[in-house]
Amino acid sequence: MIHNILDMPDDTGLNAVTGCRFPVFEYIYSHLLDKIKDSKDAPLFTIPGHRESEPGIRRKLPLKIALVMALYHMYTNCTQQYLAALFSISQSTVSRYQDVLNKRLCEILPTPEWTAKVIAGASTYPEVKKILQGKENATIFIDGTHIRTQRSSDYTTQKENYSGKKKFHSKNVLMITTNNGMIIGISRPFDGKTHDMKVLKNDFPDLGRWLESMKDPNTPKSERILVYSDTGYVGIEEVFPGIKSEQPTKKSKNRELTQEQKDENRLIGSERVTVEHPISHFAVLGGTFRGNTNHIFTYFLIASGIINIRIMFRDFELWAHMNRITSRMNIKPIPLPSDDLMKTAEYIEKTAGPKRELHKQQMAEWRKKTADARAAATP
13 MIHNILDMPD DTGLNAVTGC RFPVFEYIYS HLLDKIKDSK DAPLFTIPGH RESEPGIRRK
73 LPLKIALVMA LYHMYTNCTQ QYLAALFSIS QSTVSRYQDV LNKRLCEILP TPEWTAKVIA
133 GASTYPEVKK ILQGKENATI FIDGTHIRTQ RSSDYTTQKE NYSGKKKFHS KNVLMITTNN
193 GMIIGISRPF DGKTHDMKVL KNDFPDLGRW LESMKDPNTP KSERILVYSD TGYVGIEEVF
253 PGIKSEQPTK KSKNRELTQE QKDENRLIGS ERVTVEHPIS HFAVLGGTFR GNTNHIFTYF
313 LIASGIINIR IMFRDFELWA HMNRITSRMN IKPIPLPSDD LMKTAEYIEK TAGPKRELHK
373 QQMAEWRKKT ADARAAATP
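Just add 12 to the spot in the sequence shown (first one is 1) and you have the working numbering.
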């Protein structure tokens, strides 16, 4: 049973069901427990130190199991009826749990709203570059993500949500990530027919002085932010004249791309995949969204927060750096984990990190080999 994954000798099952390794899950649970144990929501769950039964509630789940259920739903996009059968509770209880836990998770995770405030609080270019990372310049990746939605029964809504480019009904969300995959900005969901550039102009996150520098054409080249984007953002230099922009070269009707342009496009695409891959791991956003579309933004915040906390667990120096910035601003920090969780996370990274780097190296060699073969075959 899914309840038993917490008793397994390793965290393979937990990671497969929730998308979180043991240190990340325990960190989220401990801070969730602190938020809920003395709140009005405490009677909904079985919590250590509280009575196990309450009037009017027939069956309660332990808070830790309820968290597994919420993350399992994020990771698999299963229905509430399925969760009710799996955890032996009613569908209405599942719905109530999700409402409570989603709200609390948004409060404790490093969501894009939190990371954007931290970036806005960075006072120097080296400070912001340490967060955004990059080789020569601080780097961000911009992309529009279409979340497939169910077809509305209202014809007007159908027309608004239908994406002619994607050929399905959707909501369009702008995502901004750093060079290491941390999500620092998401827009509110726009109708599927909305062009990526319009979303960019209307709902770009507030990065404080760094947003102003992106708009300032006089920003020194050494302090510009490098922006990777696709051809949906042609003209981004006009909106942000103070950036360095990297985009794939578009093929025209009368002119084919040269092999050099194709190789460059492939290289840019391999960099941009940083934006698109992480969020699709959560099936609630990677598949067809079944719920009320007004909740899409909440699920994006939670998924982004989980991705960000996983990255921060791999880089405690970055975590501490971001918290130092919050100490200067009126921003609540994301507390560092306990020493035990740190040691466990460092052990996992020590074993998994080399495999991840080897995979990156193999992919880079494969791309170079493919590019060389194509170049040799070109007359």
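Note that the Cβ used here is the ideal one computed from N, Cα and C, for glycine as well. This structure is a prediction, so every number in the text was calculated from the model and none was measured.
inquiry  = Let me check understanding here. Comparing Cα to Cα, which of L121, S199, G244, L238 lies closest to R322?
reply    = Here the question's residue 322 lines up with position 310 in the sequence shown. It is L121 whose Cα lies nearest to the Cα of R322.
query = By DSSP, does R236 sit in helix, in strand, or in coil?
reply = Within the sequence shown, residue 236 is the residue found at index 224, counting from 1. Three-state result, R236: coil.
query = Going by other Cβ atoms of all chains shown within 10 Å of its Cβ, with 16 needed for buried, is G299 buried or exposed?
reply = Translated into the one-based positions of the sequence shown, residue 299 becomes position 287. Classification for G299: exposed.
ask   = Candidates L18, Y87, S51: which alpha carbon is nearest L297's?
value = Against the sequence shown, residue 297 aligns to sequence position 285. L297 has its Cα closest to that of Y87, out of L18, Y87, S51.
request  = Give the DSSP-derived three-state secondary structure of V36 in the structure shown.
outcome  = Here residue 36 refers to the residue found at position 24 when the sequence shown is read from its first residue. DSSP places V36 in helix when its eight states are reduced to three.
ask   = Are the stretch 217-235 and the stretch 121-131 in contact at 8 Å, needing three or more beta carbon pairs?
value = Verdict: yes, contact present.
request  = Run through the stretch 181-225 for me and flag every whole alpha helix (DSSP H) of 4 or more residues, listed as ranges in chain order.
outcome  = Fully enclosed alpha helix (DSSP H) runs of 4 or longer: 208-214.
ask   = Quick one: Cα of F202 to Cα of G244, how far?
value = As a working mapping, residue 202 is identified with position 190 in the sequence shown. As a working mapping, residue 244 is identified with position 232 in the sequence shown. If you take the alpha carbons of F202 and G244, they lie about 15 Å apart.
message = Considering just the uninterrupted stretch of the beta strand (DSSP E) at S257, what are its terminal residues?
response = Within the sequence shown, numbered from 1, the residue matching residue 257 stands at position 245. Residues 255-258.
request  = Tell me whether T58 sits in a helix, a strand or coil according to DSSP, three-state version.
outcome  = For the purposes of this step, residue 58 is identified with residue 46 of the sequence shown, where counting begins at 1. Here T58 sits in strand by DSSP.
request  = Please name the residue, chosen from Y240, E249, D215, F216, that lies closest to D228 on a Cα-to-Cα basis.
outcome  = By 1-based counting over the sequence shown, the position of residue 228 is 216. It is E249 whose Cα lies nearest to the Cα of D228.
Straight-line gap, K72 to D23 (C-alpha atoms, nearest Å) = Here residue 72 corresponds to residue number 60 of the sequence shown, with the count starting at 1. Here residue 23 corresponds to residue number 11 of the sequence shown, with the count starting at 1. Straight through space, the alpha carbons of D23 and K72 are spaced by roughly 25 Å.
query = Considering only residues of the same chain and omitting the five flanking positions on each side of V106, which have a CB-CB separation below 6 Å?
reply = The residue you call residue 106 lines up with position 94 of the sequence shown. The residues are Q92, L95, A96.
inquiry  = I need the straight-line Cα distance from A357 to S135, nearest angstrom please.
reply    = Translated into positions along the sequence shown, residue 357 becomes position 345. Translated into positions along the sequence shown, residue 135 becomes position 123. Approximately 30 Å between the Cα atoms of the pair.
Per DSSP, the bridge partner or partners of D46 = On the sequence shown, residue 46 is found 34 positions in, with the first residue counted as 1. Looking at the DSSP assignment, D46 forms no beta bridge with any residue, so it has no partner.
message = To the nearest angstrom, how far is the alpha carbon of R108 from that of D53?
response = On the sequence shown, position 96 is the one that residue 108 refers to. On the sequence shown, position 41 is the one that residue 53 refers to. Each residue's Cα considered, the two are about 10 Å apart.
request  = Would you mind giving the Cβ-Cβ distance between K40 and I195, rounded to the nearest angstrom? I have them listed as a contact below 8 Å.
outcome  = Within the sequence shown, residue 40 is the residue found at index 28, counting from 1. Within the sequence shown, residue 195 is the residue found at index 183, counting from 1. For the record, residue 40 in the displayed sequence is Ile; it is not Lys. Not confirmed; about 17 Å, so no contact.
task = Can you grab the Cα-Cα spacing for the pair S316 / A388, in whole Å?
result = The count along the sequence shown starts at 1 and reaches residue 316 at position 304. The count along the sequence shown starts at 1 and reaches residue 388 at position 376. Their backbone Cα atoms lie some 42 Å apart in a straight line.
request  = Would you tell me roughly how many angstroms separate the C-alpha atoms of L186 and S165, rounded to the nearest one?
outcome  = One-based indexing of the sequence shown puts residue 186 at position 174. One-based indexing of the sequence shown puts residue 165 at position 153. C-alpha separation (whole angstroms): 26 Å.
In DSSP terms, what R160 is bridged to = To locate residue 160, count along the sequence shown from 1; it is residue 148. Beta-bridge analysis with DSSP links R160 to S182.
inquiry  = By alpha-carbon positions, which one of P74, Y84, W126 ends up nearest to M341?
reply    = Within the sequence shown, the letter at position 329 stands for residue 341. Comparing alpha-carbon positions, the option among P74, Y84, W126 lying closest to M341 turns out to be W126.
ask   = How about K183 and T161: are their beta carbons less than 7 Å apart?
value = The residue given as residue 183 occupies position 171 in the sequence shown. The residue given as residue 161 occupies position 149 in the sequence shown. Contact annotation: K183 and T161 have beta-carbon atoms nearer than 7 Å.
query = Contact between the stretch 322-335 and the stretch 111-120: three or more CB pairs below 8 Å?
reply = The stretch 322-335, when compared against the stretch 111-120, does not touch it at the 8 Å Cβ threshold.
inquiry  = Could you check whether I154 and S241 sit closer than 7 Å to each other, using their CB atoms as the reference points?
reply    = The residue given as residue 241 occupies position 229 in the sequence shown. The residue given as residue 154 occupies position 142 in the sequence shown. In this structure, S241 places its C-beta atom within 7 Å of the C-beta atom of I154.
query = CB-CB under 7 Å to V211, same chain, minus the five flanking residues each way: which ones, in chain order?
reply = The residue given as residue 211 occupies position 199 in the sequence shown. Within its own chain, the residues whose Cβ lies closer than 7 Å to the Cβ of V211, once the five positions on either side in sequence are excluded, are G156, N184, L186, S199, F202, listed in chain order.
inquiry  = What does the alpha-carbon distance come out to for the pair P124 and K344?
reply    = By one-based count along the sequence shown, residue 124 stands at place 112. By one-based count along the sequence shown, residue 344 stands at place 332. Taking the straight line joining both Cα atoms gives about 14 Å.
task = Report the rounded CA-to-CA distance for V112 versus L56, giving the unit in angstroms.
result = Position 100 of the sequence shown holds residue 112. Position 44 of the sequence shown holds residue 56. Roughly 9 Å separates the two Cα atoms.
query = Under 7 Å between the Cβ atoms of G254 and M226?
reply = For the purposes of this step, residue 254 is taken as residue 242 along the sequence shown, with counting starting at 1. For the purposes of this step, residue 226 is taken as residue 214 along the sequence shown, with counting starting at 1. Between G254 and M226, the gap from beta carbon to beta carbon is short of 7 Å.
query = So is K171 buried or exposed if we call it buried at 16+ other beta carbons inside 10 Å?
reply = In the sequence shown, counting from the first residue as 1, residue 171 sits at position 159. Under this definition K171 is an exposed residue.
query = Count the other CB atoms within 10 Å of the CB of M393; is the residue buried (16 or more) or exposed (fewer)?
reply = As shown, the chain starts at 13 and ends at 391. That puts residue 393 outside it, with no answer to give.
task = Can you tell me which of the three DSSP states I101 falls into?
result = Working through the sequence shown from its first residue, we reach residue 101 at position 89. Residue state, collapsed to three classes: coil.
ask   = Nearest-angstrom Cα distance between K142 and I237?
value = Stepping through the sequence shown from its first residue, residue 142 is reached at position 130. Stepping through the sequence shown from its first residue, residue 237 is reached at position 225. Rounded to whole angstroms, the gap between the alpha carbons of K142 and I237 is 12 Å.
ask   = Where DSSP assigns a beta bridge to Y174, which residues make up the other side?
value = Taking the first residue of the sequence shown as position 1, residue 174 is located at position 162. Partner(s): H181.
key: C-alpha distance - F37 paired with T338, whole-angstrom precision   = Your numbering for residue 37 matches position 25 in the sequence shown. Your numbering for residue 338 matches position 326 in the sequence shown. Roughly 24 Å separates the two Cα atoms.
key: Residue range of the alpha helix (DSSP H) that includes N320   = For the purposes of this step, residue 320 is taken as residue 308 along the sequence shown, with counting starting at 1. Judged by DSSP secondary structure, N320 falls within the alpha helix (DSSP H) whose first and last residues are 308-326.
message = In whole angstroms, give me the CA-to-CA distance for Q145 and L348.
response = If you number the sequence shown from 1, residue 145 lands on position 133. If you number the sequence shown from 1, residue 348 lands on position 336. Taking the Cα positions, Q145 is about 21 Å away from L348.
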